[in-house]
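Engineer: Numbering (my numbering), first residue to last: 5 to 231.
Idealized CB from N, CA, C, for every residue including glycine.
Put into structure tokens, the structure is as follows:
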């Protein structure tokens, strides 16, 4: 299914390979997003990363409701370096409208989350004619989320089971990187990690929520139940 989604994305952005078939490229990208090393796919390393970069540039809009779960998780890189990946998942639509990669966690990062999600809401309102009357964030009660109170944003601390709304996105991510020994290659930095995650969450959204490509005027809607 992931290979088919990537094929559809390649078609809609008019990505026409010269030396390999679209099917071979889509299969290699699907393997890479599923945790296989970029050196072990059916494509040369540089070729694979070229097409990954092309997909990472896709602009898209997902449906959002204003009812969000937010969380962050630590991802290791070789030599002990790590980054935090933040995910905002819409509880009602299942979409992930925003993620980011940071080297630390603070209330300032919560403000960045709020600002970025607000921008995503504006895009959804403009493109999908979505109306959002109320916004609330669910979180695990970490100290950094006290910033919601300081910024006068409605929020709620929830238990792990309720917070599973956000964990669904992380569960998929952690499963994908488990075969990488939970880390990325030695030369990974915040920007290359962000590029990989951009394509990962594009594919995730295409699988579990309608994805609108404004540049093409089309909606990709596989919509697999993600219970």
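Could you pull out every unbroken beta strand (DSSP E) segment of at least 3 residues lying fully inside the region 18-95, listed in chain order?
Structural biologist: Qualifying beta strand (DSSP E) stretches, in chain order: 71-81 and 86-94.
Engineer: Use the C-beta contact count for residue 137: other C-beta atoms within 10 angstroms, 16 or more gives buried, fewer gives exposed.
Structural biologist: What you label residue 137 is simply residue 133 of the chain shown in a count that begins at 1. Exposed.
Engineer: For a quick check, are the C-beta atoms of residue 201 and residue 64 less than 9 Å apart?
Structural biologist: As a working mapping, residue 201 is identified with position 197 in the chain shown. As a working mapping, residue 64 is identified with position 60 in the chain shown. It is not a contact, given that the beta carbons lie outside the stated cut-off.
Engineer: Please check the pair residue 97 and residue 69, which I expect to be a contact at CB under 8 Å, by giving their CB distance rounded to whole angstroms.
Structural biologist: The sequence position of residue 97 within the chain shown is 93, counting from 1. The sequence position of residue 69 within the chain shown is 65, counting from 1. Between residue 69 and residue 97 the Cβ distance is about 6 Å, and since that is below 8 Å, they are a contact.
Engineer: Under a Cβ-count criterion, where at least 16 other Cβ atoms within 10 Å of its own Cβ denotes burial, should residue 224 be classed as buried or exposed?
Structural biologist: In the chain shown, residue 224 corresponds to position 220, counting from 1. Burial call: buried.
Engineer: With a CB to CB cut of under 6 Å and the five nearest residues on each side skipped, what residues in its chain are close to residue 14?
Structural biologist: For the purposes of this step, residue 14 is taken as the residue at position 10 of the chain shown. Cβ neighbours of residue 14 beyond the five flanking positions: 26.
Engineer: Is the region 146-153 touching the region 126-136, taking contact as three or more C-beta pairs under 8 Å?
Structural biologist: Output reads no: the region 126-136 does not touch the region 146-153.
Engineer: For residue 132, does the three-state DSSP call read helix, strand or coil?
Structural biologist: Start at 1 with the first residue of the chain shown, and residue 132 comes out as number 128. Correct three-state label for residue 132: coil.
Engineer: If the criterion is Cβ atoms closer than 9 Å, does the pair residue 74 and residue 91 meet it?
Structural biologist: In the chain shown, the residue the question calls residue 74 occupies position 70. In the chain shown, the residue the question calls residue 91 occupies position 87. Yes; because the gap between Cβ atoms is below 9 Å, this pair is in contact.
Engineer: Tell me the DSSP secondary structure of residue 148 in three-state form.
Structural biologist: Working through the chain shown from its first residue, we reach residue 148 at position 144. DSSP places residue 148 in helix when its eight states are reduced to three.
Engineer: Considering only C-alpha positions, which residue in the set 162, 59, 124 and 88 is nearest to residue 21?
Structural biologist: The sequence position of residue 21 within the chain shown is 17, counting from 1. Closest option to residue 21, Cα to Cα, is 59.
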